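Under the UniProt record's numbering, the residue at position 71 of the sequence shown is numbered 71, and the numbers go up by one with no gaps. Glycine included, C-beta positions come from ideal geometry on N, C-alpha and C. Note that the structure is a prediction, hence the values are computed from the model and not measured. Take a look at the structure set out below.
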Amino acid sequence: MQNKTSHLSITNDIRSINIKRIFYLTLISIPYNLIHIIIFYTNLSKDNPTEMKWRLGIIFCHASLAVLMSIFGVCAYIISKKALVATPMHLMIYAALITVFVFGVLITAIDQLVTASITPFLVACTIVSVVFLIRPLNAFLFFLFSYAGFFFALSTYQKNPSILLSNRVNGMTTVGIGLFVSIMMWKMTTSNLIQKQLIAEQQEELMKKNGELERLAFFDQLTGVYNRRKFEELLKNEISRISRYHQPASIVLIDIDNFKRINDHYGHPVGDRVLQEFAGLLKNNIRDTDSISRWGGEEFLILLPNTALEEAKKTAEKLRQIVENYEQLNQDSEIHLTASFGVASLPADRQNALEIAYKNADDAMYLAKENGRNRVEAK
């Protein structure tokens with residue numbers, strides 16, 4: 001499935017490259033066609049019928065090619081700006097490619113009126129091999145049919161057998177070189193695209209692994225909230241902030257009441273589920289600016305930035321009531337869950353501010369335990 005997705009991605013990239021190249025080709029081709037029209041129209045003389053036929057043929061070919069290239073340019077621009085389905089893109093790419101070959105053959109055939117040169121066909125093969133990215137098998141078929149057209153069209157105006165043979169052999173060489181260059185361009189481009197895709201996939205995998213390492217380093221594996229190590233870092237940053245801006249902040253230490261009894265009576269799997277749901281309950285009922293961690297065992301610590309002690313007590317009381325009234329924990333087992341809350345403010349401009357705040361919160365929490373549990377106390 002992954003290989004199929006990768007193949008589709010590369011195919012889409014190649015289509016996009018071809019569309020962009022067609023657009024730039026039209027920007028070069030149209031002025032080139034107009035210049036040829038002007039040059040061949042200048043001093044157009046009726047005295048020499050062969051030369052006049054040659055000039056008019058070249059003018060007609062370049063005028064027709066300029067019109068078609070204008071259409072291709074507009075289509076390529078529209079396609080590059082809008083996401084279109086693959087089929088119209090394929091059709092336009094192949095139409096542009098065939099157009100280059102057809103006019104290369106036509107102009108070469110018309111040139112035989114006055115010269116033995118096959119330069120236009122050489123130019124067409126070069127453009128197709130360098131500009132268009134084609135699968136090797138498709139390239140073989142396109143070059144084969146172009147040579148067939150070249151082979152038969154050449155004899156329309158070239159009647160000298162020796163020149164005709166020489167041009168057909170030279171045309172075969174031109175097609176062979178063009179096919180070789182086309183295959184090499186395909187191989188190089190697809191190889192580069194595959195390499196870029198592999199690098200992108202490796203970078204994505206690396207980001208996932210880094211995210212997993214960060215999760216392991218910063219988050220408690222059971223509850224999904226911050227672990228103690230990361231939370232100490234957050235607390236130190238908050239202490240630095242309140243010292244700088246003189247804004248209040250508080251912490252709330254929470255301990256699940258009689259948690260050992262839950263583990264002993266119902267087993268550790270139930271105890272783990274209680275911890276997970278308890279952590280989720282707290283996390284879902286605090287502000288986005290607040291942070292929560294599993295401090296250890298059944299203890300959780302909440303950081304409340306920009307919150308004075310009295311406001312922190314109100315927040316703790318709200319959480320206490322939510323925990324007490326939470327019914328989902330009682331569905332599978334008859335567990336009545338409560339918790340004791342200790343609230344303390346973070347002191348600013350004090351050494352050991354974290355230790356002082358935690359000790360105050362811990363003392364307040366144990367006071368809540370001593371006063372009957374399922375309470376909020378502050379210090």
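- If you look at valine 175, you'll find it isn't in any beta strand (DSSP E); it sits in the alpha helix (DSSP H) that goes 161-218.
- Separation of the CB atoms of leucine 367 and glutamate 377 is rounded to 4 Å, and the pair is thereby assigned contact status at 8 Å.
- Cβ contact annotation for alanine 124 (same chain, cutoff 6 Å, sequence separation greater than five): Val100, Phe101 and Gly104, in chain order.
- Taking a contact as a CB-CB distance under 8 Å, the pair methionine 89 and isoleucine 30 does not count as one, their CB atoms being some 21 Å apart.
- Judged by DSSP in its simplified three-state form, leucine 337 adopts coil rather than helix or strand.
- Cβ contact annotation for glycine 296 (same chain, cutoff 7 Å, sequence separation greater than five): Arg228, in chain order.
- Shown here for arginine 294: same chain residues with a beta carbon closer than 7 Å to its own, the five before and five after excluded, namely Asp220, Thr223, Val225, Asn227, Ala279 and Phe300 in chain order.
- The closest CA to that of isoleucine 302, considering only Tyr41, Leu234 and Leu275, is found on Leu234.
- Beta-carbon to beta-carbon, aspartate 257 and threonine 338 are separated by about 5 Å, close enough to satisfy the 8 Å threshold.
- With contacts defined by Cβ atoms closer than 9 Å, isoleucine 14 and leucine 179 do not form a contacting pair.
- In the displayed model, proline 269 falls within a helix according to three-state DSSP.
- Annotation note: the segment 86-121 contains the following uninterrupted alpha helix (DSSP H) runs of length 4 or greater, listed N- to C-terminal: 86-111.
- Within the same chain, and ignoring the five residues on either side of alanine 109 in sequence, the residues whose Cβ sits closer than 7 Å to its Cβ are Ala153, Leu154, Thr156 and Tyr157.
- The three-state reading of DSSP puts glutamate 310 in helix, counting H, G and I together.
- Taking all protein chains in view, the Cβ of phenylalanine 150 is crowded by 16 or more other Cβ atoms within 10 Å, so the residue is classified as buried.
- For glutamate 327, the secondary structure class from DSSP, reduced to helix, strand or coil, is coil.
- Residue nearest to leucine 122 within the set Ala353, Pro347, Thr174 and Ile78 is Thr174 (criterion: CA-CA distance).
- Check the Cα spacing between asparagine 360 and each of Gly372, Gly342, Ser129 and Asp349: the tightest is with Gly342.
- As a beta-bridge residue in DSSP terms, leucine 301 pairs with Leu253 and Ser293.
- When DSSP states are grouped into helix, strand and coil, tyrosine 226 belongs to the strand group.
- The C-beta distance from isoleucine 37 to isoleucine 71 rounds to 17 Å, too long to fall under 8 Å, and the pair is not in contact.
- For alanine 76, the enclosing alpha helix (DSSP H) covers residues 49-81.
- Excluding the 5 residues flanking it on each side, leucine 281 has same chain C-beta neighbours closer than 7 Å at Ile322, Val323 and Tyr326, in chain order.
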